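Enquirer: End of the sequence shown = 1098 in my numbering, gap-free, step of one.
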Amino acid sequence: MNYLGIDIHKDESYIAVLDDDGEVVEEIRVENANLDEIAEQYAGSQAAIEATSNYYTIYDTLDQYLDVVVADPRQIKAIGTAEVKNDRLDAKLREQLRRAGMIATSYVPSEELRERRALVRGRKKLVEKRTDFKNEVHSLLDKQGTAYDWDPFSEEGREILVGEDLSIGIVAQKLLVSFLTVIDELTAQIEAIEDLIEEIAASLEETQLLMTIPGVSFYSSLLITAEIGEIGRFDEAKEVVSYAGLDPVVRESGDSRTEGGISKRGSGNLRWILVQCVHTAVHRCNDPYLGRFYARLKRRKNHQIAIVATARKLLVSIYHMLTRKEAYDPPGVSA
764 MNYLGIDIHK DESYIAVLDD DGEVVEEIRV ENANLDEIAE QYAGSQAAIE ATSNYYTIYD
824 TLDQYLDVVV ADPRQIKAIG TAEVKNDRLD AKLREQLRRA GMIATSYVPS EELRERRALV
884 RGRKKLVEKR TDFKNEVHSL LDKQGTAYDW DPFSEEGREI LVGEDLSIGI VAQKLLVSFL
944 TVIDELTAQI EAIEDLIEEI AASLEETQLL MTIPGVSFYS SLLITAEIGE IGRFDEAKEV
1004 VSYAGLDPVV RESGDSRTEG GISKRGSGNL RWILVQCVHT AVHRCNDPYL GRFYARLKRR
1064 KNHQIAIVAT ARKLLVSIYH MLTRKEAYDP PGVSA
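1. Which two residues bound the contiguous alpha helix (DSSP H) that contains glutamine 936?
2. Measure the CB-CB distance between valine 1004 and aspartate 1010 and report whether it falls below 7 Å.
3. Can you tell which of Ala1058, Ser1030, Lys1064 has the C-alpha that lies nearest to the C-alpha of leucine 1078?
4. With the cut-off set at 7 Å, would you say cysteine 1048 and proline 977 are in Cβ contact?
5. From glycine 1008 to isoleucine 1036, what distance separates their C-alpha atoms?
6. Counting pairs of beta carbons, one from the stretch 872-889 and one from the stretch 927-941, are three or more of them closer than 8 Å?
7. Alpha carbon to alpha carbon, how far is aspartate 783 from aspartate 799? Give it in angstroms, no decimals.
8. Grouping DSSP H, G and I as helix and E and B as strand, with all else coil, what is aspartate 905?
9. Leucine 889: which of Asp947, Ile953, Val934 sits nearest, CA to CA?
10. Identify whether glutamine 971 lies in helix, strand or coil by the three-state DSSP scheme.
11. For the putative contact between glutamine 827 and alanine 802, defined by C-beta atoms under 8 Å, what is the C-beta separation to the nearest angstrom?
12. Check the DSSP bridge columns for glutamate 878 and list the partner residues they point to.
13. Apply the 10 Å Cβ neighbour rule to serine 984 and answer buried if 16 or more other Cβ atoms are within range, or exposed otherwise.
14. Does the structure place the stretch 940-954 close enough to the stretch 894-903 that three or more beta carbon pairs sit under 8 Å?
15. First and last residue of the alpha helix (DSSP H) that includes tyrosine 822?
16. In the DSSP assignment, what residue or residues form a beta bridge with alanine 779?
17. Candidates Lys1001, Leu938, Glu878, Asn1032: which alpha carbon is nearest isoleucine 956's?
18. Please list the terminal residues of the continuous beta strand (DSSP E) segment that includes alanine 810.
19. Thinking C-beta only, is glutamate 969 closer than 7 Å to threonine 950?
20. In terms of residue numbering, what span does the alpha helix (DSSP H) encompassing aspartate 799 cover?
21. I'd like to confirm the pairing. Which residues does DSSP put opposite proline 1011 in its beta bridges?
22. Considering only their Cβ atoms, is the gap separating glutamate 990 from asparagine 1032 smaller than 7 Å?
Here it is, written out as structure tokens:
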């Protein structure tokens, strides 16, 4: 049995091949386009790669021939800290850990899930870009000394912005028109993506289940399920809570035990959308289950702690809903 440790870069990879005794059989630097040839040469061997920005395509190529695991980059970074660091050492370390059965693996979603993630993450990025340009409009009006108590992006506000009564300089007017044009184009792109998101979410059982939760939409349900992946890979609710980084950091020393803030490990997108859903459920939809829990905790702690704890509670509910394939039906009194 051979073991391949692969250090991936944008266009090429460095491969260290080890035998059962941990001795180096071969070291190769190869273009990523030719990785399939090396994989076929060592077909049936075990391999370890790190989760990088382009690892999906490389994983799919190698997985045709090799038993591949994706190493958690935090583990490699923690164990592999050294004064001397290069591709050769990284590749050898990765495969030594694999050979010893010491690799903490990263989850590799299916191609279908990857596409859903790309879709919802792309929509989020476009919305963020549109917000940036809306902020530019606000900043431009402030710099021109324009006082306003109207929404610049409402129908009435847009009429004022492009009207003749707005007294700003020629350069500012040009910039304003450019910003508004970009905002309109981004809005059109966002709406097109949202149509596809709605179509996909409406076709999936798990997203339909999540949309029975007050405050969960087509978009948020698809983002949540795409970020979680297959729910069956979690044995209990606390595992998915940890995956989302909503678990508290625990510090123990002797007989003392303290809990700090959340770990923030795992999917930041999942944490973000859960908090957004909780805000909507509590403040706009008046969900009694989450609302009572949030209100009680806010009185004892503060808003930030309460909203994050409520997001964690929502995620636990989501875990049970997806595991049991049940619609949202919380108990009458929050636990």
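Cβ coordinates follow ideal geometry from the N, Cα and C atoms, glycine included.
As the structure is a prediction and not an experimental result, all values here were calculated from the model.
Expert: Let me spell this out:
1. 933-966
2. yes
3. Ser1030
4. yes
5. 13 Å
6. no
7. 23 Å
8. helix
9. Ile953
10. helix
11. 7 Å
12. According to DSSP, which records beta bridges pairwise, glutamate 878 is partnered with nothing at all.
13. buried
14. yes
15. 818-826
16. Gly768, Glu790
17. Glu878
18. 809-813
19. no
20. 798-804
21. Ile1025
22. yes
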